[in-house]
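Sequence order for the protein chains is A and B.
Take 1 as the starting number for the first sequence in this note's numbering and just add one per residue.
Take 157 as the starting number for the second sequence in this note's numbering and just add one per residue.
Positions of the beta carbon are idealized from the N, C-alpha and C atoms, including for glycine.
One structure is given here, and the rest of the page talks about it.
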Amino acid sequence: MSKISFELNGERVNVMDPDPAMPLLYALRNDLDMKGPKFGCGLAQCGACTVIVNGKAIRSCVTPISLVSNAKVQTLEGLSKNGNLHPVQQAFIDEQALQCGYCTNGMIMTSKALLDSVKTPSDEQIVAALEGHLCRCGTQARIVKAVKRAATQMKA
Amino acid sequence: MNTPTVLNRRSFVASSGALIVGFNLSVVPNKGSAKAMISAFPAEVEKSLDGWIAIAADGGVTLFTGKVELGTGIETAFSQIAAEELDVRMDQLRVVQGDTLLTPDQGPTWASISVMLGGAAVRRAAATARALLLELASKKLNVDAKQLSVSAGVVIAPSGRTVLYGALVAGGQFKAQVDPKAELKPASAYKLVGKSVPRVDIPAKVTAKFVFLQDVKVAGMLHGRVLIGPRLGASIAHVNDAKARKVKGFLRVVRERDFLGVVASTEWAAIKAARELDVRWAGGQPMPSTATVYDELRRAPPAAMQQLANTGDVDVALRAAPTVVEAVFEAPYQTHGSIGPSCAVADVKPDQVTVWSATQAPHFLQINLAELLGLPDEKVRVIYVEGAGCYGRNGHEDATGDAVLLSRAMKAPVRVQWMRHQEHGSAPMGPAQIVKVRAALDADGKISAWDTDGWYTELPKDFPPVHMSGFRAAGAKQEEGSFAGYTHANQQPIYTIPNLRVNAIRVGNRHVRVSWLRAPGRIWNVFAVECVVDELALLAKADPVAFRLAHATDARARNVIERAARMANWRPRTERPRSVDGLLRGRGFSYARYSNNGAYIAMVADVTVERATGKLSLDRMFVSHDCGMMINPDGVLNQVQGCVVQTASRTLFEEMGFDGTGVTTVDWGSYPIMRFSQVPELIVDLVESKDPPMGVGEAATAPVPGAISNALFDATGIRFRQLPLTPTRIKTALNGQGQKATS
């Protein structure tokens with residue numbers, strides 16, 4: 001029986017006998033019981049499904065599981081360490097940067113990936129990084145504030 | 157609270173540590189009067205205190221509410237209200253919501269009345285409970301109740317002796333009625349209400365601990381996908397499932413007349429199998445095309461004509477006026493645009509049906525499902541689980557019906573997830589609307605006459621059943637109604653006008669499924685009013701702000717108008733700004749009172765238009781908002797910001813498209829919504845008030861398109877009356893073709 005192995009939030013996991021074309025999103029949510037990445041469109045248009053693979057924020061709804069063989073995959077679940085929230089998560093709480101919260105996974109994951117590579121992003125850089133993420137509730141301004149807040153925390 | 161797998165109240169309360177002896181499960185709302193709940197302002201049905209509040213041995217308080225958290229923060233607001241009256245901490249209280257087995261029927265969560273009415277009911281229940289607890293404590297401590305105080309669920313006597321809430325009624329019951337005259341805590345003593353208490357659901361939502369409806373998993377759950385006809389009444393002409401059957405994990409194709417679904421053991425298999433199903437649809441109602449949407453409304457035989465107001469003599473006043481402003485405003489069909497397409501889980505057993513649904517109206521859905529299934533109401537349990545923001549009736553009940561049909565066929569729990577094109581294309585939409593206004597000034601430059609006709613949706617005599625598209629396709633006797641809320645609200649201008657006529661033309665037979673979308677009808681009605689007011693102001697050679705003040709007698713209206721103008725540093729305009737570097741700049745004003753009886757909102761919008769492309773940049777908006785007392789100021793601010801951004805998106809970009817045979821705008825590429833770079837800077841002024849709280853989930857939507865259109869006029873000298881205000885539309889107008897004056 002074939003399997004795809006990769007590292008999920010620091011832990012080695014196997015997905016047994018998958019369709020290699022199956023989007024990573026379904027493996028994460030169904031085979032591996034993750035709730036972080038969400039189905040929003042299945043078309044890479046909204047960003048709700050975003051996870052981080054080998055340090056890059058990608059859209060799991062269009063990424064075939066075969067592409068993550070032996071990769072390091074991080075979901076929203078994997079951001080907190082030993083019960084401590086990641087600064088981006090804490091910042092989203094401090095700024096109350098969501099309403100329904102359905103887009104929040106993507107917002108946090110892309111922001112985290114951004115801050116891992118750009119320590120003090122400008123407003124323009126934050127907006128550019130999140131331009132491909134849709135929020136229907138209209139909390140974009142709070143999200144930008146949260147990312148800036150997290151950047152300050154992470155520098156300290 | 158977010159645990160959708162509770163079996164019954166007995167086990168629920170037991171699991172929170174209480175000792176249960178003979179717990180009475182007959183605490184269920186009077187089903188006979190549940191239909192009375194389906195009104196915008198329902199009377200309270202649940203009179204038993206035990207229906208609202210349970211206290212465990214450890215003092216943990218459980219608040220049962222019929223209103224549900226849709227993502228706007230009312231769960232937190234209700235928690236604040238209850239914790240305040242009970243004198244417990246926020247973390248000592250949790251909410252169970254929208255479960256027809258466990259919670260009272262408070263009617264649907266809609267119309268921005270949750271805090272106002274639903275919160276008031278919670279407050280009375282909590283106050284009643286506190287009074288009873290003090291009575292019990294007074295007996296236990298042998299101290300007059302008036303001498304007792306409470307802190308964090310601990311009753312304290314003057315001597316220092318204490319007794320915990322949990323020790324007074326642990327697991328037992330109050331066995332009392334809610335006292336409508338229960339003594340309420342005065343606002344001067346508030347510790348929680350009025351504070352920006354952090355939302356109770358946000359921590360779980362940022363850590364992936366929150367269980368959205370889309371995350372619900374039930375033991376033995378199968379996965380379903382449905383195939384939906386492209387238009388109302390379409391039937392299946394042909395189905396070939398040969399390829400679908402070959403998909404690994406495929407279980408069955410379920411077909412009931414024109415309801416078609418496929419069930420598989422895994423989600424990916426269900427998706428693939430649905431794609432492999434070869435289906436052809438035929439017949440059904442003709443759809444409009446995008447260009448004929450408004451003609452279709454005008455040509456449709458009206459279901460009803462209503463005169464909503466007629467004062468003075470409008471015809472005489474219009475005839476006497478030297479100039480009559482005549483304008484027609486058109487707003488398109490729009491989708492709720494939920495980021496998470498609708499989803500539901502159903503477990504249909506022969507004698508018990510359980511559904512997990514994101515419906516706004518769990519108790520109503522329960523009655524409807526029971527009727528469709530031929531079961532008594534008590535055999536159907538609807539458990540609300542929060543989905544993605546719905547902003548009204550999206551596909552949440554349709555998906556629920558689909559899950560029920562598939563589960564019934566499979567005799568197993570089934571999860572149905574609608575795909576993106578189904579949420580866009582098959583969920584009901586916010587209806588298109590036309591508003592016509594003829595208005596005039598008197599010799600003193602005041603508005604003398606206002607004659608308006610509006611094309612609205614039907615108002616049914618009795619509340620129509622929930623239209624679950626799957627059941628209808630399967631042959632259930634259901635009229636596809638066209639109720640989309642009280643869409644005529646705000647058609648009547650809030651200003652002082654001596655000769656006024658307001659007519660509503662109710663369009664019944666639409667070929668497009670419609671439902672209530674945030675601030676139904678109000679946004680487009682205020683758009684019409686505020687644009688015409690602006691036009692009259694110009695005619696009167698008056699400043700737009702001064703003109704509105706001259707016609708507003710309500711002190712709270714004048715207050716927000718003045719505050720917004722001051723915040724924006726509004727200057728009376730004497731000259732149109734000129735084009736600089738190919739950019740036209742302008743600012744516009746608007747004011748509304750939501751539904752003419754709710755919150756007061758005034759706005760200033762600043763825009764920049766690129767001449768060459770027609771591209772509009774919504775640079776910033778100033779908003780003054782008076783909603784009475786605020787339970788949670790940051791919660792209010794979040795709603796105001798969200799209302800403005802979402803409605804700006806609807807104003808600038810959004811229009812559902814049709815091609816005569818179906819919907820063409822079925823994804824985010826064809827139906828763009830506002831992106832980060834397009835969000836305006838928002839400066840919001842929340843008026844501090846001790847007046848009774850008014851709803852905020854919708855109010856700040858209403859003045860948005862008026863402010864933007866008036867700003868566009870200031871920038872370009874052109875009146876824009878058809879939405880959305882796309883670059884194409886703006887550029888065409890700038891190039892001189894202009895806005896067609898329609899009759």
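Legend entry - N-terminal and C-terminal residue of the alpha helix (DSSP H) that A632 of chain B is part of: No alpha helix (DSSP H) contains A632 of chain B, which DSSP labels as neither H nor E.
Inset, instruction - Pick out whichever of B:V570, B:R678 and B:R280 has its Cα sitting closest to the Cα of D335 of chain B. - result: B:R280
Legend entry - Straight-line gap, K35 of chain A to H492 of chain B (C-alpha atoms, nearest Å): Their Cα atoms are separated by approximately 24 Å.
Inset, instruction - Check the Cβ of E810 of chain B against every Cβ in chain A and list those closer than 7 Å, keeping chain order. - result: Result: empty, since nearest Cβ-Cβ is about 11 Å, beyond 7 Å.
Legend entry - Whole-angstrom C-beta distance between P497 of chain B and W574 of chain B, which should lie under 8 Å: 4 Å
Inset, instruction - List the endpoints of the continuous beta strand (DSSP E) containing H86 of chain A. - result: Unbroken run through H86 of chain A: none, as it is neither H nor E.
Legend entry - Buried/exposed call for H781 of chain B, threshold 16 Cβ in 10 Å: buried
Inset, instruction - Compute the distance between the beta-carbons of T221 of chain B and V251 of chain B, then report whether it is under 8 Å. - result: yes
Legend entry - Alpha-carbon spacing of H552 of chain B relative to N753 of chain B, whole angstroms: 29 Å
Inset, instruction - Grab me the residues of G138 of chain A's own chain with a C-beta within less than 8 Å of its C-beta, minus the 5 sequence neighbours each way, in chain order. - result: Answer for G138 of chain A: Q99, listed in chain order.
Inset, instruction - Could you tell me which of B:K846, B:S625 and B:D609 sits nearest to V685 of chain B, measuring between CA atoms? - result: B:D609
Legend entry - Chain-ordered residues of the segment 364-390 of chain B with a beta carbon less than 9 Å from chain A: A364, K365, F366, V367, F368, Q370, D371, K373 and H379
Legend entry - Residue environment, S563 of chain B, which counts as buried when at least 16 other CB atoms sit within 10 Å: buried
Legend entry - Exposure of F264 of chain B, with buried meaning 16 or more beta-carbon neighbours within 10 Å: What sits at residue 264 of chain B in the sequence shown is Pro, not Phe. Under this definition P264 of chain B is a buried residue.
Legend entry - Proximity test, Cβ basis, 8 Å: F778 of chain B and chain A: no
Legend entry - Short Cβ contact (8 Å threshold) for A313 of chain B with V325 of chain B: No.
Inset, instruction - Starting from G581 of chain B, trace the alpha helix (DSSP H) both ways and give me its first and last residue. - result: R576 to S582
Inset, instruction - Would you please verify whether the beta carbon of E131 of chain A is less than 8 Å from any beta carbon of chain B? - result: yes
Inset, instruction - Just confirm the distance between the C-beta atoms of V668 of chain B and Y547 of chain B, as a whole number of angstroms; I'd bet it's less than 8 Å. - result: Contact doesn't hold; Cβ gap of about 18 Å is too wide.
Legend entry - the segment 413-421 of chain B touching the segment 365-381 of chain B, judged by at least three CB pairs closer than 8 Å: yes
Legend entry - Within 8 Å, strictly: CB atoms of A517 of chain B and V511 of chain B: The Cβ atoms of A517 of chain B and V511 of chain B do not sit closer than 8 Å to each other.
Legend entry - Through-space distance from Q45 of chain A to M566 of chain B, alpha-carbon basis: 33 Å
Inset, instruction - Please list, in chain order, all residues of the same chain as K155 of chain A whose beta carbon is under 8 Å from its beta carbon, the five residues on each side excluded. - result: K119 and T120
Inset, instruction - Please name the residue in A:A21, A:F39, A:G10 and A:V15 whose C-alpha comes closest to that of E579 of chain B. - result: A:F39
Inset, instruction - Output yes or no for whether 8 Å exceeds the beta carbon distance between A447 of chain B and A429 of chain B. - result: no
Inset, instruction - Could you check what DSSP says for K155 of chain A in three-state terms: helix, strand or coil? - result: Looking at K155 of chain A - three-state DSSP - the assignment turns out to be helix.
Legend entry - Interface residues of chain B facing F39 of chain A [CB-CB closer than 8 Å]: Q370, G496, P497 and Q573
Inset, instruction - Enumerate in chain order the residues of its own chain whose CB-to-CB distance from I653 of chain B is below 6 Å, with the five nearest sequence positions on each side excluded. - result: I603 and W606
Inset, instruction - Would you please verify whether the beta carbon of W424 of chain B is less than 8 Å from any beta carbon of chain A? - result: With its beta carbon less than 8 Å from one in chain A, W424 of chain B belongs to the interface.
Inset, instruction - Could you tell me which residues DSSP pairs with R59 of chain A in its beta bridges? - result: A:T50
Legend entry - Bridge partner(s) assigned by DSSP for H394 of chain B: DSSP lists B:R436 as the bridge partner or partners of H394 of chain B.
Legend entry - Cross-chain neighbours of K148 of chain A in chain B, by beta carbon under 7 Å: Here the premise fails: no neighbours, minimum Cβ distance about 13 Å.
Inset, instruction - Tell me, please, whether the CB atom of A157 of chain A is closer than 8 Å to any CB atom in chain B? - result: As shown, chain A starts at 1 and ends at 156. That puts residue 157 of chain A outside it, with no answer to give.
Inset, instruction - Apply the 10 Å Cβ neighbour rule to K633 of chain B and answer buried if 16 or more other Cβ atoms are within range, or exposed otherwise. - result: exposed
Inset, instruction - Confirm, please, whether the CB-CB distance from G742 of chain B to K887 of chain B is below 8 Å. - result: no
Legend entry - For R136 of chain A, the residue or residues it bridges with in DSSP: Residue pairing by DSSP places R136 of chain A in no beta bridge whatsoever.
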